[in-house]
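Asks:
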Amino acid sequence: MSIFVLLLFLRSLRPTFVIAVSIPFAIISTFAMMYFAGQTLNILSLGGLALGIGMMVDNSIVILENIFRYRQNGASVKEAAIQGASEIGSAVIASTTTTLVVFLPIVFVEGMASELFTPLALAVSFSLIGSLAVAITLVPVLASKLLTKPIDKYDKQKGKFAGFFRKLDHFYQKSLKWVLGHRKTTVFATIVLIIASLGLTPMLGAENIPASDQGQLQINLEAPAGSTLEETTAVANEIQEKLEKYKDLIEVNYLSIGTDQMTGTQSSTNTGLFQIQLVKKNERDLTTKQFVEKLSADVANIPGAEIKVSAMEAGLGTGKPVQISVQGPEQEILSEIGDQITWLLEGIKGITNIQNSAAEGRPEIRVVANREVAAQYGLSYSQIMSEVEVGFNGKLATQYREAGDEFDVRVILPEDKRVTINDLENMFIQTPSGTLLPLSAVAELKQIQGPAQITRENQQRQINVTADLNGKDLGTTTKEVMAALNTMNFPEGYTYKVGGQAEDMQETFGDLALALIFSIFLVYVVMAVQFESLAHPFVIMFAMPTTVIGVIVGLVVTGQSFSVPAFIGIIILAGIVVNNAIVLVDYINILRSRGVERTVAILQAGPARLRPILMTTMTTVLGMVPLALGIGEGAEAQMPLAVVVIFGLTSSMCFTLLFVPVVYTILEDFLSGTKRRFKRLFTRKGKKKNSVEEEAGLEM
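Read in order, the letters of the sequence shown are residues 110 to 809 in this note's numbering.
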């Protein structure tokens, strides 16, 4: 694609061949740096290479196009190579450096975001370093050897696209003249467009990382509390029969009975867990989400258990998408609060597979000692409970050796004496006087439903209510959950916290926001060093806000939510979008240093840099198209990043060509006016001081 773009714009095989030859050298150097940095090829690093390869030819394009322009204007091959490369070399180095520095804060962001996107940042950085080295060394040499034939200026015989580019140059120059003559209107229109695009933000959802179609799902079944293993297995067999009609889509099907739905660990005999792996994405006509919906409908009518089907989606974050933790002193009150939260979540659209850790678990027998009666026999509560524990759980009494082997001797009731509740009631408790009493004489037995699990955090009892999402973004759901929780009246001493992926998303977005601010600062510093000025980098920075238009419109049009990859894309844009403005402003300054009047310099620099700006933008955009289309397994996670870069860079390019020159003139006029005002002020003070001195001299 990059070669096609070059051939389209340059309409000559030789300069196109120069770029084509330089690409393998840049790619080889990139892989060499990745190797020595210990990086491997994976989805993230390949995504970085896709972005890097699109940007890899940018430096070579800018330098070659300048050399090509010198040849068109009649310069010799050697002079064109030297002058063309040296004239634009510093701007190319600066634009590459601005792109590199934006990745520095990403590497230092803590947490999962850094671990996942450091390979992408390194891949892009290495490709840019390699392309810069090739652009400033190999490209001028190849150009001096291959661009030996005379290159005429544009004329009608130079191909089908010559007339189009000539019209494009004329239209751009005409538009540039208009915006320079209507600066207030241009600034106002740009601000209106930015504000209008911000008005679309309510249409955007928010999430960590878009779920990838990994083809993994699970089926949780929960029979009534106290169900036997045989009863749970019977339900599992019915589910297995439903799965038979999808055997061509299922690669692996694993079932375990007695698995806790909250933790995945062994629990009671009334729970079961199917773990299913579908065939590869390109071998099935259903997405994992569609398969889950169909299977959910199939198993909905199976009696004897509650059955939940959910996709096991790969994403960023720990815990469930919705995870509410409630802490307090009393388990009974916590259970009531958990039931109330569960009821609220059931009323929120898009929330599925709600699980409450305070839900009733297995039936339990609670032994309640009658302390007054027990005291009459000289028994304490702990003595009674100790006897019960020894009788039913056993206790290690001693050990003995036989033939060199050591055996434990455990005291416990016979197996046939610890089967029923009557066995427990009739077990004997020995009093200090040696009398044997049945347990029922000193204690009351109550049959209750115990909690599924008891959790403590910071020595406080805690319950967790979790849920999955189906067809809804995490940000919108979290807002609705918070609104629902705010309607509840929590008793004194009871607090709640929304955690899981929602908490991770908030923390990650905060870290990335700081990284973005730091990246913008670093970009400004690099440009200030390049231009040896604080004003011109400030002009170039105005290319950044215009990316907002493309970013928001792109996400809305493609149906993508604002996510961690999208945020990473914005940080990358902070370093990319200024490149076009750097090249443009740098050439305006070069022409002005040669004595060209400001407006004339802008009208000459704009068309002169139009082609390289269009070419570099198109190559970068086309390099990101495969990622934006989500081609291949796991590519869904990179789609928001690609969409942000494509639409943001495109909108920024349009505004760079028109809006940045206007800001350039406005800032120049402002600085010139400020200098004149200060000059007049100091001139007046100087004259006043001289007149005072003269008057003092006359008096003397």
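Where a beta carbon is used, it is the ideal one built from N, C-alpha and C, also for glycine.
#1: Alpha carbons only, please: which of L780, V769, F779 and K784 is nearest the one belonging to V288?
#2: State the CB to CB distance for the pair P600 and I442, rounded to an integer number of angstroms; the pair is presumed to be in contact (CB under 8 Å).
#3: On the three-state DSSP scale, how would you describe P721?
#4: So, at 7 Å on beta carbons, what are the nonlocal neighbours of S733 in its own chain, with the 5 sequence-adjacent residues on each side left out?
#5: Quick check on DSSP: helix, strand or coil for Y179?
#6: Consult DSSP for P412 and reduce its assignment to one of helix, strand or coil.
#7: List in chain order: all unbroken beta strand (DSSP E) runs of 3+ residues lying wholly within the segment 513 to 564.
#8: Measure the alpha-carbon distance for G704 versus E745 and round it to whole angstroms.
#9: Hey, out of P430, G324, L330 and A343, whose CA is closest to I318's CA?
#10: Which one or two residues does DSSP pair with Q569 in a beta bridge?
#11: Please look up how many angstroms separate the CB atoms of T337 and T380, rounded, as I've assumed it's under 8 Å.
#12: Pick out whichever of T507, G308 and E174 has its Cα sitting closest to the Cα of I245.
#13: By alpha-carbon positions, which one of M143, E224 and D167 ends up nearest to I197?
#14: According to the neighbour-count rule (16 or more other Cβ atoms, all chains shown, within 10 Å of its Cβ), is M614 buried or exposed?
#15: Kindly indicate the opening and closing residues of the beta strand (DSSP E) around L387.
#16: Helix, strand or coil: which one does DSSP assign to N329?
#17: Please report how far the alpha carbon of K555 lies from the alpha carbon of G500, in whole angstroms.
#18: Pick from G367, K276 and I128: whose alpha carbon is nearest that of L719?
#19: If you measure between the beta carbons of M241 and T294, is that distance less than 8 Å?
#20: Taking the beta carbon of S185 as the centre, do at least 16 other beta carbons fall within 10 Å, making it buried, or is it exposed?
#21: Output the residue ranges of the alpha helix (DSSP H) runs that lie fully inside the segment 128 to 212 and measure 4 residues or longer, sorted by chain position.
#22: Could you have a look at E511 and say whether DSSP puts it in helix, strand or coil?
#23: In three-state terms, what does DSSP make of D394?
#24: Could you name each continuous alpha helix (DSSP H) segment of 4 residues or more that falls completely within the segment 428 to 452, going from the start of the chain to the end?
#25: Taking the Cβ atom as the reference point for each residue, do E534 and P547 lie within a distance shorter than 8 Å?
#26: Tell me G608's beta-bridge partners as DSSP assigns them.
#27: Just to check my reading of the structure: G609 and T575 have Cβ atoms closer than 8 Å, yes? What is that Cβ distance to the nearest angstrom?
#28: Give the DSSP-derived three-state secondary structure of T299 in the structure shown.
#29: Using alpha carbons as the reference points, say which of I680, K283 and R789 lies closest to V709.
#30: From L231 to A409, what distance separates their C-alpha atoms?
Replies: In brief:
#1: Translated into positions along the sequence shown, residue 288 becomes position 179. Minimum Cα distance to V288 is reached at V769.
#2: Along the sequence shown, read from residue 1 onward, the residue named residue 600 stands at position 491. Along the sequence shown, read from residue 1 onward, the residue named residue 442 stands at position 333. At roughly 6 Å, the Cβ-Cβ gap stays under 8 Å, so P600 and I442 are in contact.
#3: Start at 1 with the first residue of the sequence shown, and residue 721 comes out as number 612. In the structure shown, P721 sits in a helix (DSSP, three-state: H, G or I).
#4: Here residue 733 is taken as the residue at index 624 of the sequence shown, counted from 1. The residue asked about is misnamed: residue 733 is Met in this sequence, not Ser. Cβ within range, chain order: A159, L160, G163, A751, V754 and I755.
#5: Walking along the sequence shown from the start, residue 179 turns up at place 70. Residue state, collapsed to three classes: helix.
#6: If you number the sequence shown from 1, residue 412 lands on position 303. Look at P412 here: in three-state DSSP terms it is coil, with no helix or strand label.
#7: Secondary structure remark: continuous beta strand (DSSP E) runs of at least 3 residues inside the segment 513 to 564, in chain order: 514 to 520, 537 to 539, 545 to 547 and 552 to 560.
#8: For the purposes of this step, residue 704 is identified with residue 595 of the sequence shown, where counting begins at 1. For the purposes of this step, residue 745 is identified with residue 636 of the sequence shown, where counting begins at 1. Going from the Cα of G704 to the Cα of E745 covers about 53 Å.
#9: The residue labelled residue 318 in the question sits at position 209 within the sequence shown. Measuring from the Cα of I318, the nearest candidate turns out to be P430.
#10: Indexing the sequence shown from 1 puts residue 569 at position 460. Partner(s): E566.
#11: The residue labelled residue 337 in the question sits at position 228 within the sequence shown. The residue labelled residue 380 in the question sits at position 271 within the sequence shown. Distance from T337 to T380 at the Cβ level is roughly 12 Å; contact not present, criterion being Cβ atoms closer than 8 Å.
#12: What you label residue 245 is simply residue 136 of the sequence shown in a count that begins at 1. Here the closest residue by C-alpha is E174.
#13: By one-based count along the sequence shown, residue 197 stands at place 88. The candidate whose alpha carbon is nearest that of I197 is D167.
#14: For the purposes of this step, residue 614 is identified with residue 505 of the sequence shown, where counting begins at 1. With 16 or more Cβ atoms within 10 Å of its Cβ, M614 is classed as buried.
#15: Within the sequence shown, the letter at position 278 stands for residue 387. Where L387 is concerned, the enclosing beta strand (DSSP E) stretches over T380 to L387.
#16: Residue numbering aside, residue 329 sits at position 220 when the sequence shown is read from its first letter. The answer is strand: DSSP assigns N329 an E or B state.
#17: Numbered from 1 along the sequence shown, position 446 holds the residue referred to as residue 555. Numbered from 1 along the sequence shown, position 391 holds the residue referred to as residue 500. Rounded to the nearest whole angstrom, the CA to CA distance from K555 to G500 is 18 Å.
#18: As a position in the sequence shown, residue 719 is number 610, starting the count at 1. Ranking G367, K276 and I128 by Cα distance to L719 puts K276 first.
#19: As a position in the sequence shown, residue 241 is number 132, starting the count at 1. As a position in the sequence shown, residue 294 is number 185, starting the count at 1. The sequence shown places Leu at residue 241, not Met. In this structure, L241 sits away from T294, with a CB-CB distance that is not shorter than 8 Å.
#20: Against the sequence shown, residue 185 aligns to sequence position 76. Flag for S185 reads exposed.
#21: Note on the segment 128 to 212: whole alpha helix (DSSP H) runs with a minimum of 4 residues are 152 to 181 and 186 to 210, in chain order.
#22: Position 402 of the sequence shown, counted from the first residue, corresponds to residue 511. It is a strand residue.
#23: Indexing the sequence shown from 1 puts residue 394 at position 285. Three-state DSSP puts D394 in coil, outside helix and strand.
#24: You should have found no qualifying run.
#25: To locate residue 534, count along the sequence shown from 1; it is residue 425. To locate residue 547, count along the sequence shown from 1; it is residue 438. The answer is yes: Cβ separation under 8 Å.
#26: Reading the sequence shown from its first residue, position 499 is the one you call residue 608. Answer is Q432.
#27: As a working note, residue 609 is residue 500 in the sequence shown. As a working note, residue 575 is residue 466 in the sequence shown. Indeed, because the Cβ distance is near 7 Å, the residues count as touching under 8 Å.
#28: The residue you call residue 299 lines up with position 190 of the sequence shown. Correct three-state label for T299: helix.
#29: Within the sequence shown, numbered from 1, the residue matching residue 709 stands at position 600. The residue with the shortest Cα to Cα distance from V709 is K283.
#30: For this step, residue 231 is matched to residue 122 along the sequence shown. For this step, residue 409 is matched to residue 300 along the sequence shown. Using only the alpha carbons, I get a separation of about 48 Å.
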